[in-house]
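Reviewing the structure listed below.
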Amino acid sequence: MIEPETAGDPMTGQIWIRSSLRNLCHRLTAIGHPVSPPTMGRLLKGLGYSLRVNAKKIEASSHHPDRDQQFEYIAVQRATFTQAYCPILSIDAKKKELVGDFKNAGQAWVLEPTAVNVHDFPGDALGRAVPYGVYDLINNRGLIYLGSSGDTPAFAADAIAAWWQTDGQRTWPTSDHLLLLADAGGSNSCRTRAWKERLQVQVCDRFGLTVTVCHYPTGCSKWNPIERRLFSHISNNWAGVPLRTWDTLLAFIRGTTTAPGLTVQAIFQNADYPTGQKVSDAEIAALRVEPHAICPQWNYTIRPRTPAPTLTLLRELVL
1 MIEPETAGDP MTGQIWIRSS LRNLCHRLTA IGHPVSPPTM GRLLKGLGYS LRVNAKKIEA
61 SSHHPDRDQQ FEYIAVQRAT FTQAYCPILS IDAKKKELVG DFKNAGQAWV LEPTAVNVHD
121 FPGDALGRAV PYGVYDLINN RGLIYLGSSG DTPAFAADAI AAWWQTDGQR TWPTSDHLLL
181 LADAGGSNSC RTRAWKERLQ VQVCDRFGLT VTVCHYPTGC SKWNPIERRL FSHISNNWAG
241 VPLRTWDTLL AFIRGTTTAP GLTVQAIFQN ADYPTGQKVS DAEIAALRVE PHAICPQWNY
301 TIRPRTPAPT LTLLRELVL
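With our numbering as the guide, the letters of the sequence shown map in order to residues 1 to 319.
Here is the structure:
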């Protein structure tokens with residue numbers, strides 16, 4: 001009941017819900033489980049939720065009139081894919097990290113403080129790590145695709161393809177449908193033509209998969225499950241430890257576990273992902289993108305093309 005309304009901080013691991021205690025009590029009572037608000041509060045604390053004050057972090061532009069409808073639709077899609085036993089993936093890019101002798105937020109048990117650079121100059125770094133996460137909600141398994149270039153639509157699509165090749169097709173051998181839960185912005189933005197085009201080519205056409213994408217409304221990224229169920233645990237695992245080398249990052253990511261059984265794999269990708277890639281009208285016309293009836297700007301399904309169109313066919317489509 002509370003999972004679709006749960007949000008979390010990717011750095012601290014704190015979680016909270018949208019409904020009030022009284023509202024939750026009414027909903028439980030309606031299905032035959034009467035409970036008082038104090039008891040509900042104790043139950044929530046036992047599950048790791050916390051009472052929080054308001055924080056001035058939401059921009060005015062995030063109050064979209066379809067916001068609540070989208071949350072309800074995402075809950076319906078999650079229930080549908082769960083019942084059909086199809087994979088539900090929460091995807092997002094984690095905060096970029098400088099690799100080198102730089103201060104890392106948090107504390108660690110050491111005999112003496114670890115000496116790091118006074119200033120965080122990018123020029124002193126071995127590189128800037130770009131972690132893109134793919135989290136399997138049903139199996140509690142995550143993959144971090146660790147890049148050293150740009151966080152682009154091609155990079156995001158490659159991360160999903162890597163998950164399918166290394167874990168997805170083994171864990172879900174009979175499934176050819178995926179549900180992706182994504183933020184509205186970033187490399188997997190609902191407004192970016194390249195995101196849909198790369199998802200079509202690198203995932204749908206390549207593996208014969210039908211992919212449904214549901215985006216969280218603008219300003220609602222913390223409701224994306226990957227924030228609290230994967231990213232926060234990685235941040236806690238390497239808190240207070242300088243990320244001196246690429247191997248250090250990979251080791252901490254792969255060593256991230258939780259009592260409920262979270263496991264994480266990491267893949268280092270040193271390829272170049274240039275930004276600003278353009279997608280032609282011909283390429284857009286050839287996509288098999290089906291917008292949904294509800295909030296079509298945030299919900300759509302991409303089906304594989306058989307066979308994938310050639311460059312000659314793309315030119316014919318635009319003429």
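Cβ coordinates follow ideal geometry from the N, Cα and C atoms, glycine included.
What's the call for residue i, buried or exposed, on a 16-neighbour Cβ count within 10 Å?
{"i": "A259", "result": "exposed"}
{"i": "K94", "result": "buried"}
{"i": "A60", "result": "Annotation note: pLDDT 48 at A60 (below 50); position unreliable, coordinate value reported separately. Classification for A60: exposed."}
{"i": "E97", "result": "buried"}
{"i": "E227", "result": "buried"}
{"i": "E47", "result": "For clarity, residue 47 is Leu in the given sequence; the question names Glu instead. Under this definition L47 is an exposed residue."}
{"i": "Q70", "result": "buried"}
{"i": "S36", "result": "exposed"}
{"i": "P34", "result": "exposed"}
{"i": "D124", "result": "exposed"}
{"i": "D205", "result": "buried"}
{"i": "R78", "result": "buried"}
{"i": "C115", "result": "Cys is not the amino acid found at residue 115; the sequence shown has Ala there. Exposed, since its Cβ has fewer than 16 Cβ neighbours within 10 Å."}
{"i": "Q200", "result": "buried"}
{"i": "Y135", "result": "buried"}
{"i": "I379", "result": "Residue 379 is absent from the structure shown; the chain starts at 1 and stops at 319."}
{"i": "E283", "result": "buried"}
{"i": "E290", "result": "exposed"}
{"i": "D158", "result": "buried"}
{"i": "F231", "result": "buried"}
{"i": "I160", "result": "buried"}
{"i": "I302", "result": "buried"}
{"i": "I253", "result": "buried"}
{"i": "Q165", "result": "exposed"}
{"i": "A162", "result": "buried"}
{"i": "E197", "result": "buried"}
{"i": "S20", "result": "exposed"}
{"i": "A30", "result": "exposed"}
{"i": "P217", "result": "buried"}
{"i": "Y300", "result": "buried"}
Establish whether the CB of residue i and some CB of chain C are separated by less than 9 angstroms.
{"i": "P225", "result": "Absent from the structure: chain C. Only one protein chain is present."}
Look up residue i in the DSSP assignment and give the residues it is bridged to.
{"i": "E290", "result": "T301"}
{"i": "A182", "result": "H215"}
{"i": "H177", "result": "T210"}
Under three-state DSSP, which class holds residue i?
{"i": "I160", "result": "helix"}
{"i": "L143", "result": "strand"}
{"i": "L314", "result": "Reliability fails at L314, whose pLDDT of 46 lies under 50, so the model's placement of it is uncertain and the value that follows must be treated cautiously. Here L314 sits in helix by DSSP."}
{"i": "S20", "result": "coil"}
{"i": "L319", "result": "Residue placement at L319 is poorly supported in this model, since its pLDDT is 39, which falls under 50; the coordinates are not used for a value here."}
{"i": "T306", "result": "coil"}
To the nearest whole angstrom, what separates the beta carbons of residue i and residue j, a pair I think is in contact under 8 angstroms?
{"i": "V264", "j": "I144", "result": "6 angstroms"}
{"i": "A105", "j": "A286", "result": "Actually they are not in contact, since the Cβ atoms of A105 and A286 sit about 45 angstroms apart, beyond 8 angstroms."}
{"i": "G147", "j": "R244", "result": "With 8 angstroms as the limit, G147 and R244 do not qualify as a contact, their Cβ atoms being about 18 angstroms apart."}
{"i": "A154", "j": "Y132", "result": "Not a contact, Cβ separation roughly 11 angstroms."}
{"i": "D372", "j": "S187", "result": "Here the chain comprises residues numbered 1 to 319, so residue 372 is not present and cannot be evaluated."}
{"i": "A182", "j": "H215", "result": "5 angstroms"}
{"i": "I91", "j": "L180", "result": "6 angstroms"}
{"i": "D66", "j": "C220", "result": "Rounded, the Cβ-Cβ distance is 12 angstroms, inconsistent with contact."}
Return yes when at least one heavy atom of the ligand NAD lies under 8 angstroms from the C-beta of residue i, else no.
{"i": "N117", "result": "Only the bare structure without any ligand can be found here, which leaves the ligand NAD out of the picture."}
(request) Could you pull out every unbroken beta strand (DSSP E) segment of at least 3 residues lying fully inside the segment 189–224, listed in chain order? (result) 210–215
(request) Let me know the beta strand (DSSP E) ranges lying completely inside the segment 53–136, each 3 residues or longer, listed in chain order. (result) 88–93, 97–99, 127–136
(request) Can you check the segment 218–292 for any beta strand (DSSP E) of at least 3 residues that lies completely inside it and give the ranges in chain order? (result) 263–269, 289–291
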